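Q:
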Ligand SMILES: Nc1ncnc2c1ncn2[C@@H]1O[C@H](COP(=O)(O)OP(=O)(O)O)[C@@H](O)[C@H]1O
Ligand SMILES: [Mg+2]
C-alpha cells in the first residue's frame, strides 16, 4: 500500500518521536487527566510498537506497510470555514438521522461543537467535551479501551484529539438514530486517530449508524478507537458501514462495556476498503447482558478484511452471538478471529459463534480461527466456520430454468448475504443496505463522493434481477 | 422435435449410455422405463445440459439445432424443462425470486416484454392452483424444508409456469401417494398441446394409468432394448424386466 518499505521498528520510533515533537500542540488546553493518559499511552507504545505479525492476534494482517511516518497528520483543527453539508450529503429515504460528521478526524460541525439537547442528550465534539464535562469524561475515557490493549490503541490514546462524544441520560429512549460519518478528504496521504466515546446511562436506548467513507481517492490510514459504556438495562444498536477506497487502511477498535441486563447489537457491513481491520471487544460485566455481534463482508480485487472479536463473559447468565459471513472474489482476503473467554464465575453462559465464507476464486483467501477459552462448567457454547464455493448443483438447477450463469451466481450470493442483511432491524436502513449489497455483488457500487448510504448523482439502478420481494 | 442418435456417454471414464437412439415428435408423450442404474437420469441430465458428462459419440438435435452445443440456460429458454429426480434445496433464494428471474430471462430471450409484478403474481396463483401447491411454499426458499411430495409438486409447478416445449420428468412419480400422483398427472395433461412433448421417466406403470404414453421404451444398461406402445408398460409391470434380457 505504501511505497516505502521500512522496518516496523523504525516506523514506530518515528511515530513516537512525532508525538514528542508535537506534545504541546496535541495537548493544547486538555485537562490534566487526558495529558497524563497520553503520557502513559506513549510510554506503552514505545514499549510495544505497532502491532505486527509477531503477535498472534495480528498474524494475518500487516498494517505496518499501510502507513508511513511521512504521512500528513492534521494536528490542529482546520479553521478554514467549511460547510460540511456542501461536501457531503447523506440521505436515505424514510430515514431521519441526527448527523454528526468528522472530517480528517476532527468534529466537523464548527458552529455547534457540542450540544446539550432538551432531552438531556449531549452530542458533539469529544475535545469540546474534555473541556465542558471533564468529570463525566474522566469517569469513562480510557477505561474500556485501555492503552495496554495493543500498540495502536496506545498510539490512538496518545494522539487522539477529537472525535464524537455522546451521552444518553437515564431511561431515555433516543428516537432518532445518530449517524456518525467519518470522512477523509485530503490531497496528501494522511494519518488519523479518531476517538469516540458513547456513554449510556441505565435503561437508555440508542441507535447509531457509523459510516466510514472516503471522499477523495487518497491514501489514508485511520486508527480509530471507540469506547461504549452501557449501564444496566441500556440498549444499543450499532451499525457500521464501510465503503472506503482501495488506498485506505482502517483499523477500528471498538470497546463495549456492558453492565447487567444491557443489550448490544452490532452490524458491521464492509463493502469496500484497502485494508479493513475491525476489532470488537465486548465485556459482559453484569448478569443477563446480551451481545449480538454480526458482520457481512463483500471483498474483491486485493482488498483485505479482518474481523477480530473478543467476547469476555465476565458474569453469569449472559448471552453472546457472533455471526460473520463473507464473499471473497479475485485475490481478496478475509480473516476472522473469534475469541470467547468464559471466566470462572460466568456460569450459565451461552456463547455462539459462526463464520461462513464463499470463496469465488482459487486466489481468494480465508483464514478463520475460533478460540474458545472456557473456565466455567455450566456453559452452552458452539462455534463453526465454513469456507466453500457456490453449490454447483444449485447453480445447475437455477440455470436449467433459464437463468444465466451470472444471474444464478448473483441469486446465490445475494441469498447468502441476505441472511445478514435481514437482521437489520431498521426497515429503511435494511432496504438501503440491501440495495447496496445487490449493487456491490453486481460490481456496480462505486466509491463515490458521497456517504456510503447515498450517492448524489446516482439514479436508482435498474436491476436485471428484481430482488425485491414481489 | 428431438432426435437422439447413437448416443454414447461416459462419466469419469465409465460408459453409461451405450448408443441410445430416440426420436420424439411434437404432441407425443414417451415413457422411459428401466431398472435402477440403467442410465435414465443420465439421459435426462444430458438433455438438460448438466456438466460432468462426456459425450463420446453420437448426437442430439432439438428443433433442428445441435443441442449439445447449447448452454444450459439457453436450452431452457428454447423450451426444454427437466423435472429433477432429486430437486435441489437452495437456502435463501425464495421461490418468488427464482421464478421471477427465470420468467424474466426467458421472456427477454424470446423478445417478449417483461411481466409486471401484478401479472407475475396472478400467474403464480393460477399455476399454484393447477398443481395444488400450498400457498405458503411459494414464499419459502427453493425446496428448503419441503417434503418429498412437495418437492415433486414444486417441479410440476415450475413446469406449469415455464410452459416448456419439451418436458423431461425424471421419476417425478417416485415417492408420491396416489392423490399427489393424480395431481402431477393432471398437471402434465393440462399442459399438453399438439406442439409440446413429454418424456416421462418412471419406474412404475401406475403413473401411466393417468398419463397415457404414445411410446414406451425400456432402457437397460445404457441401451434402449425394447420400444412399444402403452401395452408394453403393462407387460413390464406384470413380468418385470427380466424377460427382456
Ligand atoms: N456422476 C456420476 N459419477 C459416477 N457414476 C455415475 C454418475 N452418475 C451416474 N453414474 C452411474 O451411472 C449409472 C446410471 O445412473 P443413472 O443415470 O442415475 O441411472 P437411473 O436413473 O436409471 O437409475 C449408475 O451405475 C450410476 O452409478
Ligand atoms: Mg434416476
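Residue numbers (the numbering used here), protein chains in the order written: chain A, 7 to 476; chain B, 316 to 560.
Cβ coordinates follow ideal geometry from the N, Cα and C atoms, glycine included.
Just so it is clear, the structure is predicted and the values come from calculations on it, not from any experiment.
Cutting at 6 Å between CB atoms, please list the residues of its own chain near residue 227 of chain A, excluding the five before and the five after it.
A: 72, 73, 197 and 255.
Q: Would you list the residues sitting across from residue 508 of chain B in a DSSP beta bridge?
A: Paired residue(s): none; residue 508 of chain B is not in a bridge.
Q: Run through chain B and tell me which residues come within less than 9 Å of residue 305 of chain A, C-beta to C-beta.
A: By Cβ distance, chain B contributes nothing, its closest Cβ being about 20 Å from residue 305 of chain A, past 9 Å.
Q: Along the region 410-421 of chain B, where does the CB come closer than 9 Å to a CB of chain A? Name the residues.
A: Correct list: 411, 412, 413, 414, 415, 416, 417, 418, 419, 420 and 421.
Q: How about residue 526 of chain B and residue 532 of chain B: are their beta carbons less than 8 Å apart?
A: No, Cβ-Cβ distance for residue 526 of chain B and residue 532 of chain B is not below 8 Å.
Q: Pull out every residue of the region 473-490 of chain B whose Cβ sits closer than 8 Å to any Cβ of chain A, in chain order.
A: Listed in sequence order: 473 and 477.
Q: Out of curiosity, what's the CA-to-CA distance linking residue 18 of chain A and residue 398 of chain A?
A: Taking the straight line joining both Cα atoms gives about 48 Å.
Q: Do you know whose CA, among A:405, A:420, A:442 and A:447, lies nearest residue 388 of chain B's CA?
A: If we check each option's Cα against that of residue 388 of chain B, A:405 comes out closest.
Q: Does the region 354-366 of chain A come into contact with the region 379-390 of chain A, if we say contact requires no fewer than three beta-carbon pairs (one atom in each stretch) closer than 8 Å?
A: Yes, the region 354-366 of chain A is in contact with the region 379-390 of chain A.
Q: Shorter than 8 Å from the beta carbon of residue 391 of chain B to some beta carbon of chain A?
A: Closer than 8 Å: yes.
Q: Using a beta-carbon distance below 8 Å, is residue 332 of chain A in contact with chain B?
A: Not one chain B Cβ lies under 8 Å of residue 332 of chain A.
Q: Buried or exposed, going by whether 16 or more other CB atoms sit within 10 Å of the CB of residue 486 of chain B?
A: The residue in question, residue 486 of chain B, is buried, as its Cβ has 16 or more Cβ neighbours within 10 Å.
Q: Quick check: is the beta carbon of residue 437 of chain A nearer than 8 Å to any beta carbon in chain B?
A: Cβ-Cβ to chain B under 8 Å: no for residue 437 of chain A.
Q: Sort A:233, A:277 and A:41 by Cα distance to residue 247 of chain A and report the nearest one.
A: Closest option to residue 247 of chain A, Cα to Cα, is A:277.
Q: Is there a Cβ of chain B sitting closer than 8 Å to that of residue 403 of chain A, yes or no?
A: Answer yes: the Cβ-Cβ gap between residue 403 of chain A and chain B drops below 8 Å somewhere.
Q: Check whether the region 364-380 of chain A touches the region 406-414 of chain A, taking contact to mean three or more Cβ pairs, one atom from each stretch, closer than 8 Å.
A: The region 364-380 of chain A vs the region 406-414 of chain A: no contact.
Q: Which whole-angstrom value describes the C-beta separation of residue 521 of chain B and residue 343 of chain B, a residue pair presumed to lie in contact below a C-beta threshold of 8 Å?
A: Not confirmed; about 21 Å, so no contact.
Q: Any heavy atom of ligand 1 closer than 7 Å to the CB of residue 515 of chain B?
A: Flag unset: Cβ of residue 515 of chain B not near ligand 1.
Q: Measuring alpha carbon to alpha carbon, tell me which of B:348, B:337 and B:326 ends up nearest residue 556 of chain B.
A: Comparing Cα positions, the closest option is B:348.
Q: Only counting runs of 3 or more residues, tell me where the beta strand (DSSP E) segments fall wholly within the region 327-410 of chain B, in order along the chain.
A: Taking only runs of at least 3 residues, the beta strand (DSSP E) segments lying wholly in the region 327-410 of chain B are 329-339, 344-348, 369-377, 395-398 and 405-409.
Q: Residue 398 of chain A by DSSP, collapsed to three states: which one?
A: Helix.
Q: Under 7 Å: does the beta carbon of residue 326 of chain B sit that close to some heavy atom of ligand 1?
A: Because some heavy atom of ligand 1 lies under 7 Å away, the Cβ of residue 326 of chain B counts as near it: yes.
Q: Which term fits residue 53 of chain A, buried or exposed, when burial requires 16 or more other beta carbons within 10 angstroms of its beta carbon?
A: Answer is exposed; the Cβ neighbour count stays below 16.
Q: Could you say which of A:305, A:354, A:367 and A:113 lies nearest to residue 443 of chain A if we only look at CA atoms?
A: It is A:305.
Q: Evaluate residue 251 of chain A with the Cβ neighbour count: other Cβ atoms within 10 Å of its Cβ, from every protein chain shown; 16 or more gives buried, anything less gives exposed.
A: Buried is the call here.
Q: Helix, strand or coil, according to DSSP, for residue 379 of chain A in the structure here?
A: Note: residue 379 of chain A maps to strand in three-state DSSP.
Q: Quick check on residue 369 of chain B - is its C-beta less than 8 Å from some C-beta in chain A?
A: It does not: the Cβ of residue 369 of chain B has no partner Cβ on chain A nearer than 8 Å.
Q: Please return the same chain residues whose Cβ sits closer than 6 Å to the Cβ of residue 329 of chain A, not counting the five positions on each side in sequence.
A: These residues qualify, in order along the chain: 300 and 360.
Q: If you draw a straight line from the C-alpha of residue 453 of chain A to the C-alpha of residue 464 of chain B, how long is it?
A: Because residue 453 of chain A sits at a pLDDT of 46, beneath the cut-off of 50, its placement in the model cannot be relied upon, and the point is left open.
Q: Assign residue 493 of chain B to buried or exposed, taking buried as 16 or more other Cβ atoms, counted over all protein chains shown, within 10 Å of its Cβ.
A: Looking at its Cβ environment, which holds fewer than 16 other Cβ atoms inside 10 Å, residue 493 of chain B is exposed.
Q: Have a look at residue 134 of chain A and residue 81 of chain A and give me their C-alpha separation to the nearest angstrom.
A: Those two C-alpha atoms are separated by around 16 Å.
Q: Could you tell me whether the Cβ of residue 407 of chain A comes closer than 8 Å to any Cβ of chain B?
A: Yes, because at least one Cβ of chain B sits closer than 8 Å to the Cβ of residue 407 of chain A.
Q: Please give the ranges of any beta strand (DSSP E) in the region 189-245 of chain A, keeping only runs that are unbroken, at least 3 residues long and fully inside the region.
A: Here the runs fully enclosed are 196-198, 201-206, 211-220 and 226-236.
Q: Could you give the DSSP three-state label for residue 365 of chain A: helix, strand or coil?
A: The answer is strand: DSSP assigns residue 365 of chain A an E or B state.
Q: Within its chain, find whatever has a CB closer than 6 Å to the CB of residue 537 of chain B; leave out the 5 residues flanking it on each side and keep chain order.
A: Same-chain partners within the cutoff: 331, 332, 333 and 354.
Q: Taking buried to mean at least 16 other C-beta atoms within 10 Å of its own C-beta, is residue 425 of chain B buried or exposed?
A: It counts as exposed.
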